[in-house]
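Novice:
Protein chains: 2
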Amino acid sequence: MHTAGVAHEPQPVVAVTRATMRHVSIVPVDGLPEIVAGDDLAGLIAAFSATTPQDVVVISQKVVSKAEGAVVRLDDITPSRRARRLARKFEKDARAVEVVLRQSTEVLRAERGVLITRTTHGFVCANSGVDASNTATGELVLLPEDPDASARRLRSRLPGRPAVVIADSFGRAWRQGQCDIAIGIAGLMPIDDWCGRTDRNDHVLRATAVSIADQAAAAADLVRSKDSGHPAVIVRGLDQYVTAADGPGAVSLIRPAGQDMFR
Amino acid sequence: MHTAGVAHEPQPVVAVTRATMRHVSIVPVDGLPEIVAGDDLAGLIAAFSATTPQDVVVISQKVVSKAEGAVVRLDDITPSRRARRLARKFEKDARAVEVVLRQSTEVLRAERGVLITRTTHGFVCANSGVDASNTATGELVLLPEDPDASARRLRSRLPGRPAVVIADSFGRAWRQGQCDIAIGIAGLMPIDDWCGRTDRNDHVLRATAVSIADQAAAAADLVRSKDSGHPAVIVRGLDQYVTAADGPGAVSLIRPAGQDMFR
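If you read the sequences in order, they're chains X and E.
Residues 1422 to 1684 in our numbering are what the first sequence lists, from first letter to last.
Residues 1422 to 1684 in our numbering are what the second sequence lists, from first letter to last.
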């Protein structure tokens, strides 16, 4: 048995190596205007921040989608019979349901007014990630068509070529509340895989694969509130996970269907 | 359509209010020794850090369990028939399977050597959170019996009475890699609920409830590696979510069974 101040005297801080002293800081990019279709998002972020090659710039999906014009007008949508049936059941706008269905390859659950779908990208989430908040009336914002490509494009245009994560808020099975996760990644190791490495007692670590990109997305969300107009956040101190290559992207974070226990 | 440098000139930084400039920093507590049963964990953390009332101290479940003696020796376990059957099927130690079953109220999936269970606390995770890594051979570390109570106890004993989050790495349905989540909370708002509030276009925000505690747990994990001996991490800058009362705890993050779509 150890007790404080007896078995374990505090060690002088000077003895601690730099490597163990790393810390992470998370800073929002202040001053960005409301983003609309056609905006030069990388140029705007560059104008309001100073990014370095070691930074991770976490950008909300919503503004990436808006800048890319991944927006549909409900008036332009003709709902299918299936969409009309689901909409009646859930008392929703059949055109909105139609948009959700078009953005999906599979409906996993349709309960209590929520459609849990697999998106065309492979993400499992509510309503295919289609969103009506913080947008004009009668418009819906879709997920970017290829969020990894969006992240690569943004990275290539940001000063210093920092890592880029495109983040969206996803709910979780069995748990209340949403966390931000990475739906697009360029230049950040998505997973730090400890499988096969040994722990401090020389046990082989199993099933320890840390989702760095999802945790970075979650961390970034802590400095913004949902109406704060902080769609871009810089996470500093993740140098060891930033890569010169754009890497495998967020698509590598999708669990293959064959390993999926919860269809 | 906006373009950088035309429609949106950078605003002078002095015009930005302090409230919008908030940033979060994440610092590991360096120097903590290996924690064993009976250790005064709060005393040790206090000896190696300087905590203030606005801080959030995120502590790994593993060291809380170890300090509390929530450890079982495989040699002391007699497996049930059910445990022996599952162990044969998965080529596992029947005693370890027995421990997992005892820590659960329900087995949701038993596939490919993984038991997805609902723990006695209500968490859904692999193997009831029972863990053999970073522990002595022949021993298994359980989740704390009441992680919210553990968090409250640690909070009351840490200098300045900071918020405390007890974190564990959980896998996620449909996604690769684990993220740290909050299994015990004292003094931190578990969820920042935006439901009913309006967005910037006066739309009522729906289904926007941000899991602050889970995101804080995930953020803290970014500064440690799985063998780094950094079981305690201080997250600073979350002042607006830190509460004088201990609050509803991590139990409030468990989705009620009636709302659970993925049994």
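Idealized CB from N, CA, C, for every residue including glycine.
Please read these numbers as outputs of a predicted model, since none were measured by experiment.
1) Determine, for Phe-1511/X, whether the minimum Cβ-Cβ distance to residues of chain E falls below 8 Å.
2) My output table needs one value for Gln-1482/E: the three-state DSSP class, helix, strand or coil.
3) Determine, for Ser-1632/E, whether the minimum Cβ-Cβ distance to residues of chain X falls below 8 Å.
4) How many angstroms separate the CA atom of Thr-1556/E from the CA atom of Arg-1494/E?
5) Leaving out five residues before and five after Ala-1458/E in sequence, what residues of the same chain have Cβ atoms less than 6 Å from its Cβ?
6) What number of angstroms, rounded off, separates the C-alpha of Asp-1496/X from the C-alpha of Arg-1503/X?
7) Say whether chain X places a C-beta atom closer than 8 Å to the C-beta of Asp-1660/E.
8) Chain E beta carbons: is any one of them nearer than 8 Å to that of Ser-1577/X?
9) Just to check my reading of the structure: Tyr-1662/E and Leu-1575/E have Cβ atoms closer than 8 Å, yes? What is that Cβ distance to the nearest angstrom?
10) Short check: CB of Val-1518/X to CB of Asp-1642/E, under 8 Å?
11) Is Met-1610/E close to chain X, meaning its C-beta is less than 8 Å from at least one C-beta of that chain?
12) Starting from the Cα of Phe-1469/E, find the closest Cα among Leu-1579/E, Ser-1481/E, Asp-1601/E and give me that residue.
13) Considering Leu-1462/X, what are the terminal residues of the alpha helix (DSSP H) in which it resides?
14) DSSP three-state label for Asp-1642/E, please.
15) Taking 6 Å as the limit between beta carbons, can you name the residues of its chain near Ala-1463/E, skipping five residues before and five after?
16) Chain E partners of His-1444/X, CB-CB under 8 Å?
17) Between Arg-1516/X and the rest of its own chain, which residues show a CB-CB distance below 7 Å, the 5 nearest in sequence each way excluded?
18) Can you list, in chain order, the residues of its chain with a C-beta nearer than 7 Å to that of Ser-1481/E? Leave out the 5 residues immediately preceding and following it.
19) Among Glu-1512/X, Pro-1583/X, Ser-1554/X, whose alpha-carbon lies nearest the alpha-carbon of Leu-1659/X?
20) How would you label Arg-1684/E, buried or exposed, when you count the other beta carbons within 10 angstroms and need 16 or more for buried?
21) Distance cutoff 8 Å, beta carbons only. Does Arg-1600/X sit that close to anything in chain E?
22) Return the residue from the list Val-1479/E, Val-1585/E, His-1444/E that minimises the CA-CA distance to Thr-1664/E.
23) Counting C-beta neighbours from all protein chains within 10 Å, is the total for Gly-1670/X 16 or more, i.e. buried, or is it exposed?
24) By the three-class DSSP mapping on this structure, what secondary structure does Pro-1431/E have?
25) Taking a contact to mean a Cβ-Cβ separation below 8 Å, would you say Ala-1603/X touches Ala-1638/X in this structure?
Specialist: By the coordinates alone:
1) Chain E contact via Cβ: absent.
2) In the structure shown, Gln-1482/E falls within a helical segment according to DSSP collapsed to helix, strand and coil.
3) Cβ-Cβ to chain X under 8 Å: yes for Ser-1632/E.
4) Their backbone Cα atoms lie some 11 Å apart in a straight line.
5) Counting only Cβ-Cβ distances below 6 Å, and skipping sequence neighbours, we find Gly-1490.
6) Approximately 18 Å between the Cα atoms of the pair.
7) No, no contact with chain X.
8) Judged by the 8 Å Cβ criterion, Ser-1577/X is not in contact with chain E.
9) The pair is not a contact, with the Cβ atoms about 18 Å apart (cut-off 8 Å).
10) No, Cβ-Cβ distance for Val-1518/X and Asp-1642/E is not below 8 Å.
11) False, the Cβ-Cβ gap to chain X never drops below 8 Å.
12) That would be Leu-1579/E, whose Cα lies nearest to the Cα of Phe-1469/E.
13) For Leu-1462/X, the uninterrupted alpha helix (DSSP H) segment begins and ends at 1462 to 1468.
14) DSSP, reduced to helix, strand and coil, places Asp-1642/E within a helical segment of the structure shown.
15) Sequence-distant partners of Ala-1463/E (beyond 5 residues in either direction) whose C-beta falls short of 6 Å from its own C-beta, in its chain, are Leu-1575, Arg-1578, Leu-1579.
16) Neighbours of His-1444/X on chain E, chain order: Ser-1446, Ile-1447, Val-1448, Pro-1449, Val-1644.
17) Sequence-distant partners of Arg-1516/X (beyond 5 residues in either direction) whose C-beta falls short of 7 Å from its own C-beta, in its chain, are Leu-1495, Ile-1498, Pro-1500.
18) Counting only Cβ-Cβ distances below 7 Å, and skipping sequence neighbours, we find Ala-1588, Pro-1652.
19) For Leu-1659/X, the closest of Glu-1512/X, Pro-1583/X, Ser-1554/X by C-alpha to C-alpha distance is Pro-1583/X.
20) Arg-1684/E is exposed by the Cβ-count criterion.
21) The amino acid occupying residue 1600/X in the given sequence is Cys; Arg does not appear at that position. Closer than 8 Å to some Cβ of chain E, the Cβ of Cys-1600/X qualifies, so yes.
22) Proximity to Thr-1664/E across Val-1479/E, Val-1585/E, His-1444/E peaks at Val-1585/E, based on C-alpha coordinates.
23) It counts as buried.
24) A caution first: Pro-1431/E carries a pLDDT of 40, below 50, which makes its placement in the model unreliable, though a value can still be read off. For Pro-1431/E, the three-state secondary structure derived from DSSP is coil.
25) Their beta carbons are under 8 Å apart, which means Ala-1603/X touches Ala-1638/X by this criterion.
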